[in-house]
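Peer 1:
Residue numbers (this note's numbering): 153 to 276.
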């Protein structure tokens, strides 16, 4: 259950980092503001959005890093990798061994391994 929670947080952090990186302005984005880009009228102010987005990206990157370490720790704690069927062992019923002191019937020269008598064979 804990591993699934960490995995969901990991995926959310990865998507958040991707989204925040795409929202940030590049180095040459301020040039467009000089010609009516409207950067000064943004929600966070002229420089407030850059600070907020960069700090949010740093926090989500740290969360992504920590969840990566957590998932690695969980993967290292697993037992040896094997087949899925290794976890489900089926007990075979025990077959009792034949007692050693009971004599087995001896094969007679008249009978064949199939149990038929040679006397019943008719030559063609």
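Think of the CB as a built atom: it goes at the ideal place given N, C-alpha and C, for glycine as much as any other residue.
If you're wondering where the values come from, they're calculated on a predicted model, not measured in any experiment.
1) Would you identify the three-state DSSP class for residue 249, choosing helix, strand or coil?
2) In chain order, what residues of the same chain lie with their CB nearer than 7 Å to the CB of residue 175, ignoring the 5 residues before and after it?
3) Roughly how many angstroms lie between the CA atoms of residue 160 and residue 154, to the nearest whole one?
4) Check the C-beta distance from residue 162 over to residue 223 and give it rounded, since I have them as a contact under 8 Å.
5) Roughly how many angstroms lie between the CA atoms of residue 243 and residue 226, to the nearest whole one?
6) To the nearest angstrom, how far is the alpha carbon of residue 221 from that of residue 171?
7) Apart from the five residues just before and just after residue 173, which ones in its own chain have a Cβ nearer than 7 Å to its Cβ?
8) With residue 169 and residue 217 assumed to form a contact (beta carbons below 8 Å), what rounded beta-carbon distance in angstroms separates them?
Peer 2: So, from the data block:
1) coil
2) 205
3) 10 Å
4) 6 Å
5) 30 Å
6) 22 Å
7) 209
8) Not confirmed; about 10 Å, so no contact.
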